[in-house]
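I have placed the structure first, in the form of structure tokens, so that the comments after it can refer back to it.
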Amino acid sequence: MGINKCIMDVDAIEKEAHAAALVQVAQMFQRPDQLEKLDTFKKRADRKKTAVEAMLRTGVQSQLEGIRTAIGHLSTTVEDIKGVETSLQEIYTTLLAFPELKQKMAKLREANMKNSQYATSLGHLQHIYEINETIEKTREYVQDGKLLLAHKKLVD
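Heads up: the sequence shown runs through residues 49 to 204, numbered per our numbering.
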């Protein structure tokens, strides 16, 4: 349907151009003496035609350059998209390992908590073993009137 419309448009444009050319020629040759200038009119028309063709060529070349540039950009974009797709696939593959890693980390977290509790227990055991010495030293400080040192010893 679109091609038929374009053909009809071209036909209509050609008919309009032909009619306009007839009017223009009729205006140029209204008097008999104007026929003597036929060669001049022909040369002028040829120059105009050549100039119009040159402008059309320049316009078409400009359009072609634009199209080449756009195709180059599209090609680069396709390569970039492929790179992004590859990166996303790598990320997806990496993320598949996370549930397993989370389970391993849960075991590690549990072991760390136990280790922390053991370290705290060892510190408490040390205080329990040293309690008699601490009491004796605190008693000495109190008897000597060194209450600040006695308080510090009890707090430690």
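Where is the CB? At the ideal position from N, CA and C, for every residue including glycine. No experiment lies behind these values; they were computed from the predicted model shown.
Could you give the distance in angstroms between the alpha-carbon of residue i and the alpha-carbon of residue j?
| i | j | result |
| --- | --- | --- |
| Ala154 | Ala167 | 20 Å |
| Lys150 | Asn160 | 15 Å |
| Gln137 | Leu122 | 22 Å |
| Thr98 | Thr106 | 12 Å |
| Lys152 | Thr117 | 53 Å |
| Glu127 | Ile119 | 12 Å |
| His66 | Lys85 | 22 Å |
| Val18 | Ile61 | No information on residue 18 is available, as it lies outside the stretch 49 to 204 that the chain covers here. |
| Ala68 | Gln109 | 29 Å |
| Asp204 | Gln174 | 12 Å |
| Asp81 | Val58 | 36 Å |
Just to check my reading of the structure: residue i and residue j have Cβ atoms closer than 8 Å, yes? What is that Cβ distance to the nearest angstrom?
| i | j | result |
| --- | --- | --- |
| Lys201 | Lys185 | 6 Å |
| Phe77 | Leu70 | Rounded, the Cβ-Cβ distance is 11 Å, inconsistent with contact. |
Once you ignore the five residues that flank residue i on each side, which residues in its own chain have a CB closer than 7 Å to its CB?
| i | result |
| --- | --- |
| Ala198 | Thr186, Tyr189 and Val190 |
Apart from the five residues just before and just after residue i, which ones in its own chain have a Cβ nearer than 8 Å to its Cβ?
| i | result |
| --- | --- |
| Ile176 | none |
Does residue i come within less than 8 Å of chain D when only Cβ atoms are used?
| i | result |
| --- | --- |
| Phe77 | Any reference to chain D falls outside this structure, which holds one protein chain only. |
Going along the chain, which unbroken runs of the beta strand (DSSP E) with 3 or more residues stay wholly within the region 169-204? Listed in chain order, nothing qualifies, since the region 169-204 has no complete beta strand (DSSP E) run of 3 or more residues.
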